[in-house]
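Report on the following structure.
Protein chains: 2
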Amino acid sequence: MTDFAATKALFDLPEGIVYLDGNSLGPLPKAAPARIAAMLTDEWGGMLITGWNKAGWMAQPMRLGDRIGRLIGAEPGHVTTGDTLSIKVYQALASALEMRKGRKVVLSDSGNFPSDLYMAEGLLRMMGGGHELRVVAPDEVEDHITDEVAVLMLTEVDYRTGRRHDMKRLTAKAHAAGALTVWDLAHSAGALPVDLSGCGADFAVGCTYKYLNAGPGGPAFIYVAPRHAGRAVPALSGWLGHEAPFAFDLGYRPGAGVDRMRVGTPPVIQMTALEVALDVWDMADIHDVRAKSIELTERFIAGIEAACPTLDLASPRDPALRGSQVSFRFAEGYAAMQALIARGVIGDFRAPDIMRFGFTPLYIDEGDVDRAIAIIADVMNSGAWDRAEYKTRAAVT
Amino acid sequence: MTDFAATKALFDLPEGIVYLDGNSLGPLPKAAPARIAAMLTDEWGGMLITGWNKAGWMAQPMRLGDRIGRLIGAEPGHVTTGDTLSIKVYQALASALEMRKGRKVVLSDSGNFPSDLYMAEGLLRMMGGGHELRVVAPDEVEDHITDEVAVLMLTEVDYRTGRRHDMKRLTAKAHAAGALTVWDLAHSAGALPVDLSGCGADFAVGCTYKYLNAGPGGPAFIYVAPRHAGRAVPALSGWLGHEAPFAFDLGYRPGAGVDRMRVGTPPVIQMTALEVALDVWDMADIHDVRAKSIELTERFIAGIEAACPTLDLASPRDPALRGSQVSFRFAEGYAAMQALIARGVIGDFRAPDIMRFGFTPLYIDEGDVDRAIAIIADVMNSGAWDRAEYKTRAAVT
Numbered sequence: 001m002t003d004f005a006a007t008k009a010l011f012d013l014p015e016g017i018v019y020l021d022g023n024s025l026g027p028l029p030k031a032a033p034a035r036i037a038a039m040l041t042d043e044w045g046g047m048l049i050t051g052w053n054k055a056g057w058m059a060q061p062m063r064l065g066d067r068i069g070r071l072i073g074a075e076p077g078h079v080t081t082g083d084t085l086s087i088k089v090y091q092a093l094a095s096a097l098e099m100r101k102g103r104k105v106v107l108s109d110s111g112n113f114p115s116d117l118y119m120a121e122g123l124l125r126m127m128g129g130g131h132e133l134r135v136v137a138p139d140e141v142e143d144h145i146t147d148e149v150a151v152l153m154l155t156e157v158d159y160r161t162g163r164r165h166d167m168k169r170l171t172a173k174a175h176a177a178g179a180l181t182v183w184d185l186a187h188s189a190g191a192l193p194v195d196l197s198g199c200g201a202d203f204a205v206g207c208t209y210k211y212l213n214a215g216p217g218g219p220a221f222i223y224v225a226p227r228h229a230g231r232a233v234p235a236l237s238g239w240l241g242h243e244a245p246f247a248f249d250l251g252y253r254p255g256a257g258v259d260r261m262r263v264g265t266p267p268v269i270q271m272t273a274l275e276v277a278l279d280v281w282d283m284a285d286i287h288d289v290r291a292k293s294i295e296l297t298e299r300f301i302a303g304i305e306a307a308c309p310t311l312d313l314a315s316p317r318d319p320a321l322r323g324s325q326v327s328f329r330f331a332e333g334y335a336a337m338q339a340l341i342a343r344g345v346i347g348d349f350r351a352p353d354i355m356r357f358g359f360t361p362l363y364i365d366e367g368d369v370d371r372a373i374a375i376i377a378d379v380m381n382s383g384a385w386d387r388a389e390y391k392t393r394a395a396v397t
Numbered sequence: 398m399t400d401f402a403a404t405k406a407l408f409d410l411p412e413g414i415v416y417l418d419g420n421s422l423g424p425l426p427k428a429a430p431a432r433i434a435a436m437l438t439d440e441w442g443g444m445l446i447t448g449w450n451k452a453g454w455m456a457q458p459m460r461l462g463d464r465i466g467r468l469i470g471a472e473p474g475h476v477t478t479g480d481t482l483s484i485k486v487y488q489a490l491a492s493a494l495e496m497r498k499g500r501k502v503v504l505s506d507s508g509n510f511p512s513d514l515y516m517a518e519g520l521l522r523m524m525g526g527g528h529e530l531r532v533v534a535p536d537e538v539e540d541h542i543t544d545e546v547a548v549l550m551l552t553e554v555d556y557r558t559g560r561r562h563d564m565k566r567l568t569a570k571a572h573a574a575g576a577l578t579v580w581d582l583a584h585s586a587g588a589l590p591v592d593l594s595g596c597g598a599d600f601a602v603g604c605t606y607k608y609l610n611a612g613p614g615g616p617a618f619i620y621v622a623p624r625h626a627g628r629a630v631p632a633l634s635g636w637l638g639h640e641a642p643f644a645f646d647l648g649y650r651p652g653a654g655v656d657r658m659r660v661g662t663p664p665v666i667q668m669t670a671l672e673v674a675l676d677v678w679d680m681a682d683i684h685d686v687r688a689k690s691i692e693l694t695e696r697f698i699a700g701i702e703a704a705c706p707t708l709d710l711a712s713p714r715d716p717a718l719r720g721s722q723v724s725f726r727f728a729e730g731y732a733a734m735q736a737l738i739a740r741g742v743i744g745d746f747r748a749p750d751i752m753r754f755g756f757t758p759l760y761i762d763e764g765d766v767d768r769a770i771a772i773i774a775d776v777m778n779s780g781a782w783d784r785a786e787y788k789t790r791a792a793v794t
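Chains as they are written, first to last, in the working numbering: chain A, 1 to 397; chain B, 398 to 794.
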């Protein structure tokens with residue numbers, strides 16, 4: 001049984017704050033500053049260039065991939081880390097399309113994170129082969145899986161509402177129609193159990209700065225199913241995905257398995273932050289995390305619905321159908337969220353009207369949920385949010 | 398006049414080491430651990446998600462781009478940072494090809510860094526439009542600039558030999574032939590004065606972990622000439638290159654200018670290391686750095702040639718024709734370099750037979766050069782390198 005009081009003690013959480021935005025940026029693991037300082041001083045400073053071998057920097061992306069793989073049901077040796085999620089989406093989609101050359105449709109939904117759609121749009125334009133990016137409503141995806149579809153590209157958990165797709169059923173349906181799947185696990189990895197292997201997923205990608213707590217701009221990850229790993233063609237064919245990077249051959253030969261999805265030099269300092277963050281995950285069972293997350297989100301929904309008549313639940317009511325966040329609609333949601341942040345309840349806002357709250361049992365408990373409910377009720381019911389200063393939009397919302 | 402004793406004092410250089418590999422990985426600025434610890438604790442830890450606005454993380458890639466721009470002769474506002482160099486090569490080349498749609502040849506040379514060629518190969522295959530990557534010998538580039546060429550893609554300074562292309566002349570010749578240019582400045586930025594604006598360069602890219610000292614896996618940079626910035630189509634069209642990332646529109650609209658070359662969430666911890674590294678550059682004049690670099694490389698070549706008859710100079714003898722490194726050929730160069738590293742002179746080896754030494758005046762002085770010459774002479778002339786332990790290849794060479 002995961003000891004959540006023990007995991008909570010491992011994070012640096014500012015006094016007086018209830019942090020319900022770990023679905024956007026996880027908090028600082030207390031061990032990170034010292035570990036990163038040691039990496040800087042002992043490895044970069046002390047080993048200089050020899051750190052690539054001596055400190056194991058070169059092998060780190062695969063080592064970290066395996067640690068993430070454990071949380072998402074991937075076979076060992078089939079996840080690597082690096083770049084950003086957008087880049088990994090591009091790689092996965094390009095590889096999948098290359099395996100379904102005769103087909104021209106990429107199917108996705110309007111609940112997908114826009115960057116995934118933008119990357120797909122850019123890729124298809126680049127390919128110039130008459131492909132179509134077909135974007136349908138989330139609940140219409142299943143009906144659109146036809147034998148025209150080359151690739152089904154979805155984010156499992158909707159970033160706005162928390163609505164969760166049935167990965168297993170949609171993957172099976174895609175396969176039955178002869179299509180491949182690319183799953184974005186941005187709001188799944190560390191939020192709920194994922195079973196890539198059991199679902200027969202083809203490609204999956206995700207980021208590490210949300211539920212995995214790797215810090216701002218932490219590296220992304222990519223999974224390639226073992227059955228595809230030896231023949232997936234990496235569109236972004238960089239030297240660290242080469243079979244022998246240090247032979248410096250002029251021609252590209254893909255490396256073994258998912259290694260070929262590596263591109264350029266890995267960001268070692270960010271990788272070290274990810275390493276520390278994953279140490280906390282070694283103490284947790286993702287099934288316990290999911291059970292606790294459901295308790296917390298149910299408690300939150302019940303509390304808010306009882307106390308805040310102006311907020312409309314935007315997330316599915318059935319916990320099995322949502323991820324680890326709860327969203328409410330409110331026309332002046334931006335201002336309301338600024339007012340909450342000023343009172344110490346940090347969630348975030350997603351246009352046009354979504355107030356989003358993430359629940360992360362590693363460091364959020366019932367006491368936090370109850371405090372958040374009380375403050376939200378006070379801010380909403382007193383009209384304290386209705387001030388000009390809360391309505392000025394910042395660059396990042 | 399740059400005070401090189403003062404800049405040298407800002408780096409953490411291990412006792413007893415002569416570090417001649419700053420052309421591969423620059424050393425640790427002494428200020429980095431404390432500054433990064435403060436970023437972790439005060440910004441990530443203390444501000445959490447609000448750091449994107451309050452700590453200025455979102456604007457950081459452009460801010461850092463301008464600081465690099467100063468060193469490479471770019472107009473303010475036309476350089477941004479992020480991703481890896483391989484990714485930025487892909488973006489630049491894709492954008493350039495889009496502007497020269499009728500033409501099918503990408504011209505490069507066999508002295509280019511292999512990853513640049515691999516990325517081009519992957520891109521051209523992806524485009525499926527019958528493009529050709531034409532790779533010629535470095536000294537034959539000029540003769541191959543014909544009206545078939547869409548893009549001339551070169552690394553200014555050869556990673557193996559240090560041979561330097563004439564950026565101004567080749568750019569002019571490319572333009573006269575109706576082609577665009579993509580310049581890789583990996584071994585130029587911080588090594589010698591670059592004048593992108595004066596050369597009329599179209600696109601340029603580079604990395605920050607070599608002469609700029611941003612640490613292992615530091616972010617790359619990309620320059621787009623002002624005349625192209627508003628119409629370059631970013632192939633990797635991620636959300637942070639969108640005109641309004643936080644509108645979360647389903648369709649992509651490129652941001653203003655070089656901003657559109659941003660892709661995903663920037664690696665803030667690595668960016669902070671780059672920021673500290675650039676503080677040192679604020680104390681240096683790149684023309685002084687170049688003058689000192691020439692003094693040091695001339696001294697090194699003279700010393701080695703006088704003392705080591707078995708080493709053959711692989712770099713141009715004329716300092717105007719080389720970057721800030723000196724390379725020698727030696728059939729057993731790998732073993733010889735391992736022996737040197739064991740004796741405290743750190744350079745590196747590049748297959749098949751290149752022993753490479755980088756000269757970085759910010760922290761290398763005449764005393765270091767003389768010590769290196771003495772140790773190299775001793776190792777080479779005594780046959781101390783000829784031991785089995787030095788011949789076993791490590792993962793990273």
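Ideal Cβ placement from N, Cα and C applies to all residues, glycine included. All of these numbers come straight from a predicted model, not from anything done at the bench.
Note to self: Only counting the same chain, and skipping five residues up and downstream in sequence, which positions put a Cβ closer than 8 Å to that of Leu170 of chain A?
What the structure shows: By the criterion of a C-beta distance shorter than 8 Å, Leu170 of chain A is surrounded in its chain by Val141, Glu142, Ile145, Leu152, Leu154 and Thr181, once the five residues flanking it on both sides are discounted.
Check: Comparing the C-beta of Val345 of chain A with each C-beta of chain B, is any distance below 8 Å?
Finding: Closer than 8 Å: no.
Next item on the list: Classify Tyr416 of chain B as helix, strand or coil using the three-state DSSP reduction.
Entry: For Tyr416 of chain B, the secondary structure class from DSSP, reduced to helix, strand or coil, is strand.
Item checked: Cα-Cα separation between Asp21 of chain A and Gly358 of chain A, rounded to whole angstroms -> Roughly 5 Å between the two C-alpha positions.
Checklist line | Gly499 of chain B burial status per 10 Å Cβ neighbour count (16 or more: buried) | finding: The residue is exposed, with fewer than 16 neighbouring Cβ atoms inside 10 Å.
Checklist line | 8 Å CB neighbourhood of His584 of chain B in its chain, flanking five on each side removed | finding: Same-chain partners within the cutoff: Asn420, Thr552, Glu553, Val554, Asp555, Tyr556, Gly559, Lys607, Tyr608, Gly720, Ser721 and Gln722.
Notebook entry, point to check: Ordered along the chain, which non-local residues of its own chain (more than five positions away) have a Cβ less than 6 Å from that of Lys485 of chain B?
Noted result: Cβ neighbours of Lys485 of chain B beyond the five flanking positions: Val602, Ala617 and Ile619.
Next item on the list: For the region 498 to 532 of chain B, enumerate the residues whose C-beta is nearer than 7 Å to any C-beta of chain E, in chain order.
Entry: Here chain E cannot be found, since the structure's protein chains are A and B.
Notebook entry, point to check: Does the region 340 to 356 of chain A come close enough to the region 273 to 285 of chain A that 3 or more CB-CB pairs lie under 8 Å?
Noted result: Output reads no: the region 340 to 356 of chain A does not touch the region 273 to 285 of chain A.
Notebook entry, point to check: Would you call the region 663 to 670 of chain B and the region 118 to 136 of chain A touching, i.e. three or more CB-CB distances under 8 Å?
Noted result: Fewer than three beta-carbon pairs drawn from the region 663 to 670 of chain B and the region 118 to 136 of chain A are found closer than 8 Å, and the two stretches are therefore not classed as touching.
Notebook entry, point to check: Which residues in chain A sit within 7 Å of Val793 of chain B, going by Cβ to Cβ distance?
Noted result: For a Cβ distance threshold of 7 Å, residue set Trp52, Asn53, Met58 and Phe246 of chain A lies close to Val793 of chain B, ordered along the chain.
Next item on the list: Using the Cα positions of Ala576 of chain B and Lys501 of chain B, report the straight-line distance between them to the nearest angstrom.
Entry: Using only the alpha carbons, I get a separation of about 11 Å.
Item checked: Under 8 Å between C-beta atoms of Val793 of chain B and Phe246 of chain A -> Yes, the Cβ-Cβ distance between Val793 of chain B and Phe246 of chain A is below 8 Å.
Checklist line | One or two residues paired with Ala220 of chain A in a DSSP bridge | finding: Answer is A:Gly82, bridged to Ala220 of chain A.
Check: With distances taken from CA atoms, which of B:Ile773, B:Asp775, B:Thr404 and B:Gln735 is nearest Lys788 of chain B?
Finding: The candidate whose alpha carbon is nearest that of Lys788 of chain B is B:Gln735.
Margin query: Could you give the first and the last residue of the continuous alpha helix (DSSP H) run that contains Ser512 of chain B?
Written below: First-last of the alpha helix (DSSP H) with Ser512 of chain B: Pro511 to Met524.
Notebook entry, point to check: Can you list, in chain order, the residues of its chain whose CB lies under 8 Å from that of Ala201 of chain A, leaving out five sequence neighbours each side?
Noted result: Only Met167, Thr171, Thr181, Trp183, Tyr223 and Ala225 meet the Cβ criterion.
Item checked: Reduced DSSP secondary structure (H/G/I, E/B, other) of Phe725 of chain B -> Phe725 of chain B carries a strand assignment under DSSP once its states are collapsed to helix, strand and coil.
Notebook entry, point to check: Among B:Phe725, B:Leu759, B:Gly635 and B:Arg657, which has the Cα closest to the Cα of Leu407 of chain B?
Noted result: The candidate whose alpha carbon is nearest that of Leu407 of chain B is B:Leu759.
Next item on the list: Measure the C-alpha to C-alpha separation of Val79 of chain A and Met261 of chain A and round it to an integer number of angstroms.
Entry: Rounded to the nearest whole angstrom, the CA to CA distance from Val79 of chain A to Met261 of chain A is 9 Å.
Check: Along chain A, which residues have their Cβ under 9 Å away from the Cβ of Arg747 of chain B?
Finding: What Arg747 of chain B touches in chain A: Phe246 and Phe248.
Next item on the list: Look at Met283 of chain A and Ala55 of chain A and say whether their C-beta atoms are less than 8 Å apart.
Entry: The criterion of a C-beta distance shorter than 8 Å is not satisfied by Met283 of chain A and Ala55 of chain A.
Margin query: For chain B, check one thing: does any of its Cβ atoms lie closer than 8 Å to the Cβ of Tyr223 of chain A?
Written below: Not a single C-beta of chain B is nearer than 8 Å to the C-beta of Tyr223 of chain A.
Checklist line | Collapsed DSSP secondary structure at Met271 of chain A in the structure displayed | finding: Helix.
Notebook entry, point to check: Using 8 Å as the Cβ pair cut-off and three pairs as the minimum, do the region 232 to 242 of chain A and the region 286 to 300 of chain A touch?
Noted result: Cβ pair count under 8 Å is below three, so no.
Notebook entry, point to check: Would you say the region 776 to 783 of chain B touches the region 434 to 444 of chain B, given that touching needs at least three Cβ pairs under 8 Å?
Noted result: Touching, no, given that fewer than three Cβ pairs across the two stretches are closer than 8 Å.
Check: Does the distance from the C-beta atom of Ala728 of chain B to that of Ile770 of chain B stay below 8 Å?
Finding: The beta carbons of Ala728 of chain B and Ile770 of chain B sit no closer together than 8 Å.
Checklist line | Backbone secondary structure at His287 of chain A - three-state DSSP | finding: His287 of chain A falls in the helix class under three-state DSSP.
Margin query: Give me, in chain order, the residues of the same chain whose beta-carbon lies closer than 7 Å to that of Asp544 of chain B; leave out the 5 immediate sequence neighbours on both sides.
Written below: Closer than 7 Å at Cβ, skipping near neighbours: Ala574 and Gly575.
Item checked: Limits of the beta strand (DSSP E) - the one that Ile751 of chain B falls within -> Counting along the chain, the unbroken beta strand (DSSP E) around Ile751 of chain B starts and ends at Ile751 to Gly755.
Checklist line | Residues of the region 412 to 443 of chain B whose Cβ lies closer than 7 Å to any Cβ of chain A, in chain order | finding: The region 412 to 443 of chain B vs chain A, Cβ under 7 Å: Tyr416, Asp418, Ser421, Leu422, Pro424, Leu425, Ala429, Pro430, Ile433, Ala434, Leu437, Thr438, Trp441, Gly442 and Gly443.
Next item on the list: Please determine, among B:Asp775, B:Asp656, B:Glu529 and B:Gly614, the residue with the shortest C-alpha to C-alpha distance to Ser855 of chain B.
Entry: The structure shown does not extend to residue 855 of chain B, since chain B is modelled only from 398 through 794, so no value can be given for it.
Checklist line | Candidates A:Leu13, A:Pro193 and A:Gly218, of which the one nearest Arg70 of chain A by Cα | finding: That would be A:Pro193, whose Cα lies nearest to the Cα of Arg70 of chain A.
Check: Can you list the residues of chain A that Leu482 of chain B reaches, using a CB-CB cut of under 7 Å?
Finding: Neighbours of Leu482 of chain B on chain A, chain order: Gly264.
Check: Can you tell me where the alpha helix (DSSP H) with Leu593 of chain B in it begins and where it stops?
Finding: For Leu593 of chain B, the enclosing alpha helix (DSSP H) starts and ends at Leu593 to Cys596.
Next item on the list: Mind checking who Arg719 of chain B pairs with in its DSSP beta bridge?
Entry: Paired residue(s): B:Arg560.
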